[in-house]
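Visitor:
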Amino acid sequence: MLRLGIISMLLLLDYGFCHTLQHVQVIFRHGERAPTTFITFPTDPPGIDSNFPYEHGEMTNNGIWQEFTLGSNLREEYGHLVDFTYRSSQVGEPNYELMVFNFQLRIYSGLDNRTITSAQAMLASFLPPTGNQVWNSALLWQPIPTIAQPIIDHVSFGVFDHCPAVRNSIANSDGYAAIFNSHIELVKELEVKTGLTIPNLYIFQMEYNVLKELLPLPKWAKSPEFMEEVINVQNDLHRRFIDLFLDSIGGWHFDQLLGRMDESVDCRTKHKMVFYSGHDTNIMTLGRFLNIDLISSSLLTYGSYLSIELHERDKTHFVEMHFHPHLNGSKIKLNITNCPDPCRYSEFRSLGGRLTSQQWVSTCLGITFDGKCTLFGSVAGGLMILVETSFGLTPCLDVAHAIALVSRCLEGVPPSLAISIPSPPKLLIPKPSCVECVLQIVFTYESI
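Residue numbers for the sequence shown, in mature numbering (1 follows the signal peptide of the UniProt record, and there is no 0): -20 to -1, 1 to 428.
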């Protein structure tokens, strides 16, 4: 009888804590995708990819199903926070006049297609239409807006694709060379087996990325021992590479979490949930930054997710972190290093340094902003009107993101591909031929 009473008390305590949940942020990995660079090797039999239906880095049908399943799992776990129903007032941009965020749900993705499509597939099952929201009885789906956040893609080796200053700094560092040299014997072996030259660490990790069972594996890669080595080497490469710029990109991830939690704690928002559709390396980066073993050492499976929960009890806020490694509903409560359970939010905030989006973009591009943002702000309104009327585009709300985008678009692009507006400072708007940028306003100084 005593045992039954104790069990009942524990269950009640757990139930009570469950209902103290005020806010949750979820970082999830995209679904299964095709290799990002190479589909096959020169030494592979010709034509083995002739019927391969997916382009580089794009989601497979199985990947779409994984994210749809993830949405169902998230609905079961957290759907009650938004009453299991999508309302347009739940999703949107803040009211800057009142500085209050009048919505309950925000969904961010990177700019990589697989993160955008993963967000869409997840939302299809997380918030299907109900009642008068059903617009097609044969298709229980409704469009839900997502917000593109380019920095989500700036993780691990992805930083080489987006951040020239960081790329140059890392590529010329002793740490980068040390990682490559520690695997030099394997590099030589792969050059012979694949027929590809592997001049640096970046290409090396790309080749390993190909070894997935979406196509028949080469004979030399079929042994369980070799595939185990592939997994171990990939984990080692990403761990050590992320550590080369962990303070900055890890600080950015931490800043995103704290920024949203601060809004909730300070009653500057009504939002209950924030989703980030990203990569396995986003979770590994945060795990390494916070020194959480279970998510810091190995790349995670497709559709896995990390949830960061903010609870309130007796006017004190606490943080819980849970790892969901598979799509079967499994859930593991994580120990937060240097923050004893229950982890007070005030202690959680002190676990590491923060880096704002503007600071990260400055690091990414090697730009010192100085007083430029003030001047940007003064011309932003006119630029928004100009571009909206000329191109029908949606303006960038974050100046730093705009700078990052224009840098990527104009790097190596002939002057004829940009529209120059002769007013100080000179504004550069990419033509629609610059595919990456036509969805957002971008502007910068001519001198940058």
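Glycine included, each C-beta is placed from N, C-alpha and C at the ideal position.
Since the structure is predicted, the reported quantities are computational estimates derived from the model, not experimental observations.
At a cut of 8 Å, does the segment 150 to 164 reach the segment 213 to 233 through at least three beta carbon pairs?
Guide: Result yes; three or more Cβ-Cβ pairs closer than 8 Å.
Visitor: Within a Cβ cutoff of 8 Å, which residues of the same chain sit near Ile28, ignoring the five residues on either side of it in sequence?
Guide: For the purposes of this step, residue 28 is taken as the residue at position 48 of the sequence shown. Counting only Cβ-Cβ distances below 8 Å, and skipping sequence neighbours, we find Thr20, Leu195, Pro196.
Visitor: Alpha carbon to alpha carbon, how far is Leu286 from Gly111?
Guide: Residue numbering aside, residue 286 sits at position 306 when the sequence shown is read from its first letter. Residue numbering aside, residue 111 sits at position 131 when the sequence shown is read from its first letter. Leu286 and Gly111: Cα-Cα distance of roughly 31 Å.
Visitor: Do residue 517 and Gly175 have their CB atoms nearer than 8 Å?
Guide: Lying before the first or after the last residue shown, residue 517 is absent from the chain, which here runs from -20 to 428.
Visitor: Give the single residue among His259, Pro25, Gln236, Asp227 whose Cα lies nearest to the Cα of Trp200.
Guide: Within the sequence shown, residue 200 is the residue found at index 220, counting from 1. The option with the nearest alpha carbon to Trp200 is Pro25.
Visitor: Buried or exposed: Gly283, going by 16 or more other Cβ atoms within 10 Å of its Cβ?
Guide: One-based indexing of the sequence shown puts residue 283 at position 303. By the 10 Å Cβ count, Gly283 comes out buried.
Visitor: What residue range is occupied by the uninterrupted beta strand (DSSP E) comprising Ile7?
Guide: Against the sequence shown, residue 7 aligns to sequence position 27. Run containing Ile7: 1 to 9, per the beta strand (DSSP E) assignment.
Visitor: Measuring CB to CB, does Tyr66 end up less than 8 Å from Ile127?
Guide: Position 86 of the sequence shown, counted from the first residue, corresponds to residue 66. Position 147 of the sequence shown, counted from the first residue, corresponds to residue 127. Going by C-beta atoms, Tyr66 is not nearer than 8 Å to Ile127.
Visitor: Leu103 and His291 - do their beta-carbons sit closer together than 8 Å?
Guide: Indexing the sequence shown from 1 puts residue 291 at position 311. Indexing the sequence shown from 1 puts residue 103 at position 123. For His291 and Leu103, no; Cβs fall outside 8 Å.
Visitor: Kindly provide the ranges of any beta strand (DSSP E) runs that are 3 or more residues long and lie completely inside the segment 76 to 116, ordered along the chain.
Guide: Runs found: 85 to 89.
Visitor: Quick check on the burial criterion: 16 or more other C-beta atoms within 10 angstroms. Buried or exposed for Leu345?
Guide: Position 365 of the sequence shown, counted from the start, is the residue given in the question as residue 345. Leu345 is buried by the Cβ-count criterion.
Visitor: Does DSSP put Arg240 in a helix, in a strand, or in coil?
Guide: Here residue 240 refers to the residue found at position 260 when the sequence shown is read from its first residue. Residue state, collapsed to three classes: helix.
Visitor: Under the three-state reduction of DSSP, which class applies to Glu165: helix, strand or coil?
Guide: In the sequence shown, the residue the question calls residue 165 occupies position 185. Note: Glu165 maps to helix in three-state DSSP.
Visitor: Between the beta-carbon of Arg329 and the beta-carbon of Leu238, is there less than 8 Å?
Guide: As a working mapping, residue 329 is identified with position 349 in the sequence shown. As a working mapping, residue 238 is identified with position 258 in the sequence shown. Yes.
Visitor: Beta-carbon within less than 8 Å of Ile178's beta-carbon, same chain only, minus the 5 sequence neighbours each way: which residues are those?
Guide: Numbered from its first residue, the sequence shown carries residue 178 at position 198. Taken in chain order, the residues that qualify are Val167, Leu170, Glu171, Phe184, Glu187.
Visitor: Name, in chain order, the residues that DSSP records as bridge partners for His290.
Guide: One-based indexing of the sequence shown puts residue 290 at position 310. What sits at residue 290 in the sequence shown is Leu, not His. In the DSSP output, where bridge partners are listed per residue, Leu290 has His3, Val299.
Visitor: Does Phe21 come out as helix, strand or coil in the three-state DSSP assignment?
Guide: Translated into positions along the sequence shown, residue 21 becomes position 41. DSSP places Phe21 in coil when its eight states are reduced to three.
Visitor: With DSSP as the reference, identify every bridge partner of Lys202, one or two as the case may be.
Guide: The residue you call residue 202 lines up with position 222 of the sequence shown. None, per the DSSP bridge assignment.
Visitor: For Trp340, count neighbouring Cβ atoms within 10 angstroms of its own Cβ and tell me buried if that reaches 16, exposed if not.
Guide: Here the question's residue 340 lines up with position 360 in the sequence shown. Buried, because 16 or more other Cβ atoms sit within 10 Å of the Cβ of Trp340.
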